[in-house]
Every structure is written in structure tokens, then in C-alpha cells.
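Protein chains in written order, with the working numbering: chain S, 2 to 434; chain U, 2 to 434.
The beta carbon of each residue, even a glycine, is placed where N, CA and C say it ideally should be.
The next block holds one structure in the form of C-alpha cells; read it before the comments.
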């Protein structure tokens, strides 16, 4: 899929550049393709539209930010975003059964596949959070304004600019507002898109537009597995029933063994216990104790290795406790419940999607950086579908994501330049004509 | 104090029995003393009064049960009990600064010391618990009705019976309703009585009247120490800050080492972790994790041994974690906070107070049993003051203490007999004339 994308986009762009429709490229010229796009009257018209629309991008970003969208409660914001997409020109914008908003913009040489350009609808903030946007000069403060609400507004700006400039792309573009990108959402939106949605086998490339500098290319998806491990036993009075198995001892043993796992620094793999709980009174042998465990890795096999070890450790800890103390009233049992599953993956740094992004970023005068993160792109990366997460902001124009004092700077010139540059990446990959 | 009590009561009873006021006993005749008391017109009058008052005992027990008295919130019930004591004839009933209700009934040969006859005012149930008493035939259901509210009502019956029969005792009797006997109260009422109260150095013997069969003598006080152990560290992002010390790993290590302590079966010693908690999100290295630990023993030195080991273990666990992972953002520290401290102790089975109880129980036609528990008597036992906890109920006439379906059977004949028998124990020890 990756190589098919590269050949087709390159062949098309070279064909246009040399006016030789039948010629096939021998090698890609990413910078050349991007330069051609940037120099085109259509892209210039689109860029001018973004410049004119700057105030509207900000206003729509504020409007969406002020509609709370906690994990699993994105519905109201989704409906508003759907309306906005329709107003921007994509009349068929719909909401799928999982809650994702999606709208197709047809290409000229569609091969039945689509390039997804997405941002996520949800924020990390619970329902009661004050999401009113506060403005201080060019700085806007509000939970979720950067991550990722302003990106939804930028998607709308892309659509309006493309419509205004009558831009044609080779590929069909599926604009998507996803649900469930943040923590507990566990990528449910993008997972649906790739495993159940109407386009599930038709996605040839994937962009997640995120907060952060347009210079940053995330082409690695850190995978994670999260478990809630619960040890249960018969319980009893701390004095009268002393000698019975105690789930806290099994949990302690499991935590200790878990803490001894050795992991490599590269590819980076991590593990930890984030939350523990259980028991009701100090003078009882509790009936249960639990821990929530987080494991992450840049490597699929390394993540599997740590996960397998955890699952073995917790079984051994239960067995060890059943051996150490009396089971006459019942045994310690253990349940390891998967509560988070973000697949790991990466997109080759030499792939077209990364190389076009690099070329467009450099053409915009930025210095590209590459990184790993955990975003909607994890899902296609894991499936081997070319995917990157890119920023749509000027460098250092936002911060404090996932905190109540999250902010972004909406100063016009750097913001418009960043948005325009991010659009040029999408245009290069989708084969702007 | 113990031997003084034995000699004086025995010499007095023998003097009465043989009509020889100057004679000194060479050995105690517990059964004889009890028999003499039971046969006396005064005790018979008191027993008849208890029989007549049965309905009132039950009614006052219900009235007190329906006044909630959670730990640290015994005040309303205490005031009502104070009034009831005054109405029963002890006009000087007072409430001490800790919240205990107390009233002195003077003896005839007071030596400046007192024998305490107590029951506890508090229950284990939180403020919102429905404490309305439900009646099914002779069974009353309500949280706290048995443990220990009906015992307060029985104290009132003792007083009324003694007043009605004009009973004289050698010793001054201090009737007390204590606060803080249950869990979190940590014996604060009885502790105050023995360490700060007006009678703190004047208590020569101690009774705690409790739920349970009058046949059961609790002459052993299981000591307990409870700690809340909190491991704290710098915290951080589970992926980004991986490698930093994690308080949950220190806690796990401490739990594991704690679980390995070997204890003797006799004297019985126990330990356990009852409750754990800490952390806020699965994807963070938490800033703290805690566990609540319970240790108990029938032996003062054995309890100390386990306590010392715990305190060493938690320090070692913190140090171990600081050695295993990076402390560049801060170290794991540990705080072990004492949240419960019930002293251990016991009253010799051959002591007067136990032997009089045995004799009175046998005279009542019951078969005495001996046991260990954790009650208000722990405090005097630990101080070497003769103390026992006795029941005031018929065998199998109550149950489900500390549960919402706690019950007691108030059928008249067995209840009156049990109350009368418990009074006879008190009369024997306080030297009824």
C-alpha cells in the first residue's frame, strides 16, 4: 500500500511537471513536487483564503472548545462539527455508529481508496470542567483548545480553502473528526474506522492533525497495554481469621516481581503501576485488592514480552499466596482485565508520507523533527498503512496540554503560515493537480 | 492491687459468713461468697426489681439504640444516658472532657479507690445508618442494639435494682458509659479514664459489660497496633518519565516482606494489610501509595516485635526502590503513621475478679468460658489492673454484631436471669454486704 501510494503520487506529479502523461518516475522528487504545489495558482488561492479566514478559524475553534467533549461524551460537539463540515461545503458529512464525523471530498483519479485527514473530537477533561475560553491578547486559554479542538477548526479551513480555490486532488480525501483518542477512549473512533467503518479496507494513508508545531512529524506510534489486575479471596477478620490468604500479599508479590522486569532503552519500553486500591477496613483481611498497570513500547514484540510477563507474574503471585497461607475458606484468584490497548507501529522515515511532510515543512522554512507518540495514527501504523501525526501550529504557539491552563497563541501570521504548510503536506500526499 | 482486692473482699465475706468480724481468711471461697450474696434478702430484692423492670430495660435500650452514636459522635447519646443515670438515682452523673458519662455510687468501706462498671456508648455504624429498632416477636433488630447499647440499659437496671434493694457494697462503684471503644475510637474513652480522668489513679478493678453470653469471661486483651504507611515520590508520566522511582513498587516490596513474617500460634499474633490506595491515573507514575496495616497479639513483646519489623521493612522498601530506580527527580520517602494503638494485657485466670465471675456464672447454672478480645478492658489489663469483660445476655440471645442486621432476643426469663447473674459478679467483686 505504501509503495503503491508512492509510485502513483510520484508518477502523477512527474507527469504533470513534465507534461508527459505516460511517463513513469524512476525516483521521487519530494521537494520538487511540493515546490510545484506551492507555486500553483490554486494553492496560492487556497493560502489566501486561509489568510482571509483566520478570524473564522479562531472563532470556530472557540465555539467547538466551549462544547464539552469528554471521553464517551463527544456527541454534542460531533453534531456541531458535522454541521460545520456541511456548511464548509461537504454536504454529505455524516456520523458513524461509533460517533466519528466523516465527509468525503472526491478526487479526480480515485482508485476506490481514500486518504484520511483527521483530528479528534474528544478531550481529556471530565464533563464538569469549565471550558469557557479566556483571551489575553493573542493567547487563548481553555482546556482542550489546542488538543485537539483547534485542529477540527483547521480541518474546516482546509475544506473551505480547497473549495474556494477549486482545488482538485488525485485521491479521495475523507475528512474525519474521531471520537475516543484520549486515554479511556482507547482509540475507539479510529479503531472503528479501520475495523468496522464504511471505509475500513479503503484507507491508503492517514493523517492525524494535532496540537503542536507543524515542524514535528510523529511517525512512530508507541503501543500500550493497560490492565486492571484484581486479586480476590475469601476475606475475613484480621485476628479471628488470621492465616487465610490475603489478596494484598499476592498484589505485593506481583508488584515486586513486575518491578524487576528489565527493558531495553531502545526501542523504548516502559511499565508501571499507576493506581492501586481495595479493602474496606484496616481490621479485615480484604476480599480484593487491585492495581492498574501501564505498559508501553515502541516495539510490538517488546510490548508483547512485557505483557506476557505481567500475566505470568500475577498468576504466580496468586499461586504463591495460595501456597503461603491457608485456602480453607477459599483461594486467591486473579483477573487481569485489559482496559487499554493501543497498538504500536511506525511509518518508515523513507516513506512517501514522511518524505512529503519533510519537504513541505522545509519549504515552509521550518526544521522538521521526528518523534514517537500515542495518537490516532497508532492504529493505521500497526496495520502497515502509511500514517503520520502532524502539527498545525507555529512552533511554541501552545502548551500545557491536558492541564486546565492549556493555551494557544492565535497570532495571525505564524498561525496562518503553519496551517497553510500543514495543508501543503496533505496536498502533496493526496496528489494535488 | 489485685491481691489487696482479693484479701479485702474475702476477709469481709468470711467475716460475714462466720459472724466473726475480726477473722482473716486463709484462702478464698468464691463459690461460698457468691452463694451468700445470692441468698441474701437484699440481692433477692434486687433480682426481683430487675424482673419487674424487664420491660423498662428493653425500652431504654431501644431508646438509646435509636440515638446514633458513631465513633467521635457519641455526644447526644451520652447526654441522654447521663439523664437516665440521674433518674436511676445517681444524681451526680457527669460527662468528662473526653465524653465519658460517669457516676459514683459510694461504698461503705471506701478506700479512696473505685471499681468501674462500664459499657460503651459508641457503635461502629456511621452517622447515616438507619438505627430504627425493628421488632419481630421477642427479637429486636437494629445496628448497635447488642454491641453495646443494651448494656447501657443494663447498667441503669443495676443502679435501679441496687437503689430499690438498698444494697450496700464495700467498694465505691463508678458507673461509666465510655466513648470510643470501637475501631477508630481507639479506646479513647477508657484511655482518658485511666490516664487523665478524675479517677485515673483510683481504679482498683474494672468491668466492661458487653454483648454476648453472661457465661463468657474475657480475661485476655488482644493488643493491636495499626499503621497507615504512605510511600511518596516525585511522580511523572508513565512513558516520558519512566525509570523514576515508583511508590507502588516500594509498597509492593514492603507488602511482600511483611507477608513473610513468622509468628507463633500461642500467644496468638496476627498481621495483615486491610486497605490500600493511591495514584490518580493509570498512565502516571504516582506521587504516593499507601496501605493500612493491622497487627495484633496476645503478647506485648510479640506485638512489639512485629511492629518493629514492619517499621524496618517499610524503610528498607523505600531504600530498595531508591536503589533500583532513578532518584534524579526525587526519592521515595515513607511515613508510617500510627492510627490505632490498643494495648495488650491479661488478667490472671486465678485472680479474684475471674474466680468470682466463674463462681457466679456457675451459680447461675451456666458453664463459664474464657477468651481473648479487644475491648475497653485492654487498657486496665495493660496497666496491671484486674479487669474483665463480661456478657449480660443469655447464651445465643444475640448476634450479627457490627452488621446492619444485628439482633438480640429480649425474651424475659433468660434475659432477666443473665442480667441478674452479671450483677451478682459485680456484687461479689465490690463486696456486697
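| query | result |
| --- | --- |
| Contact defined as beta carbons within less than 8 angstroms: I believe residue 210 of chain U pairs with residue 156 of chain U. What is the distance between those atoms, to the nearest angstrom? | 7 angstroms |
| Quick one: does the C-beta of residue 104 of chain S sit closer than 7 angstroms to a heavy atom of the ligand PLP? | As far as ligands go, the structure on display features none, and thus does not contain the ligand PLP. |
| Which residues in chain U have a C-beta closer than 7 angstroms to the C-beta of residue 101 of chain S? List them in chain order. | Here the premise fails: no neighbours, minimum Cβ distance about 23 angstroms. |
| So if I threshold CB-CB distances at 7 angstroms, which residues from the stretch 369-386 of chain S count as touching chain U? | none |
| Determine, using beta carbons only, whether residue 271 of chain U comes closer than 8 angstroms to chain S. | yes |
| Within the 8 angstroms Cβ cut-off, does residue 433 of chain S reach chain B? | Looking for chain B here will not work: the only protein chains present are S and U. |
| Classify residue 72 of chain U: buried if its beta carbon has 16 or more other beta carbons within 10 angstroms, exposed otherwise. | buried |
| Can you name the start and end residues of the beta strand (DSSP E) that residue 36 of chain S belongs to? | Residue 36 of chain S -> not in any beta strand (DSSP E); alpha helix (DSSP H) instead, spanning 31-40. |
| Taking Cβ positions only, does residue 263 of chain U come closer than 8 angstroms to chain S? | no |
| Going along the chain, which unbroken runs of the alpha helix (DSSP H) with 4 or more residues stay wholly within the stretch 363-396 of chain S? | 379-384 |
| On a Cα-Cα basis, can you pick out the residue from U:109, U:70 and U:145 that is closest to residue 407 of chain U? | U:145 |
| Report yes or no: is there a C-beta of chain S within less than 8 angstroms of the C-beta of residue 249 of chain U? | yes |
| Which residues in the same chain as residue 125 of chain S place their Cβ atom closer than 7 angstroms to its Cβ, once the five residues preceding and following it in sequence are excluded? | 183, 184 and 403 |
| Name, going along the chain, the residues of the stretch 283-309 of chain U whose beta-carbon falls closer than 8 angstroms to a beta-carbon of chain S. | 283, 284, 285, 286, 287, 290, 292, 293, 294, 295 and 297 |
| With 9 angstroms as the C-beta to C-beta threshold (strictly closer), list the residues of the stretch 326-349 of chain S near chain U in chain order. | 326, 340 and 341 |
| Considering residue 313 of chain S, what are the terminal residues of the alpha helix (DSSP H) in which it resides? | 301-325 |
| Using a 10 Å radius around the Cβ and a threshold of 16 neighbouring Cβ atoms, would you call residue 100 of chain S buried or exposed? | buried |
| Could you give the C-beta distance for residue 419 of chain S and residue 35 of chain S, rounded to a whole number, given that I count them as a contact under 8 angstroms? | That belief does not hold up - the Cβ atoms of residue 419 of chain S and residue 35 of chain S are roughly 16 angstroms apart, past 8 angstroms. |
| I want to know whether the stretch 193-209 of chain U touches the stretch 308-320 of chain U - three or more CB-CB distances under 8 angstroms. | no |
| Can you look up residue 354 of chain S in the DSSP assignment and give me helix, strand or coil? | helix |
| Over the uninterrupted alpha helix (DSSP H) stretch that includes residue 193 of chain S, give me the two end residues. | 189-196 |
| Would you identify the three-state DSSP class for residue 68 of chain U, choosing helix, strand or coil? | coil |
| So what does residue 345 of chain S bridge to, in DSSP terms? | Note: residue 345 of chain S sits in no beta bridge, so no partner. |
| Any C-beta of chain U within less than 7 angstroms: which residues of the stretch 223-246 of chain S qualify? | 223, 227, 239, 240 and 243 |
| To the nearest angstrom, report how far apart residue 355 of chain U and residue 58 of chain U are at their CA atoms. | 26 angstroms |
| List, in order along the chain, the chain U residues whose C-beta lies closer than 8 angstroms to that of residue 252 of chain S? | 253, 256 and 277 |
| Apart from the five residues just before and just after residue 321 of chain U, which ones in its own chain have a Cβ nearer than 6 angstroms to its Cβ? | 254 |
| Kindly list, in the order they appear in chain S, the residues whose Cβ is closer than 9 angstroms to that of residue 184 of chain U. | 282, 283 and 284 |
| Are the Cβ atoms of residue 86 of chain S and residue 78 of chain S separated by less than 8 angstroms? | no |
| Determine, for residue 274 of chain S, whether the minimum Cβ-Cβ distance to residues of chain U falls below 8 angstroms. | yes |
| Using the Cα positions of residue 294 of chain S and residue 307 of chain S, report the straight-line distance between them to the nearest angstrom. | 11 angstroms |
| Between which two residues does the alpha helix (DSSP H) holding residue 161 of chain S run? | 151-165 |
| What would DSSP say about residue 293 of chain U, mapped onto helix, strand or coil? | strand |
| Taking the alpha helix (DSSP H) that residue 288 of chain U belongs to, which residues open and close that run? | Unbroken run through residue 288 of chain U: none, as it is neither H nor E. |
| Quick check: is the beta carbon of residue 425 of chain S nearer than 8 angstroms to any beta carbon in chain U? | no |
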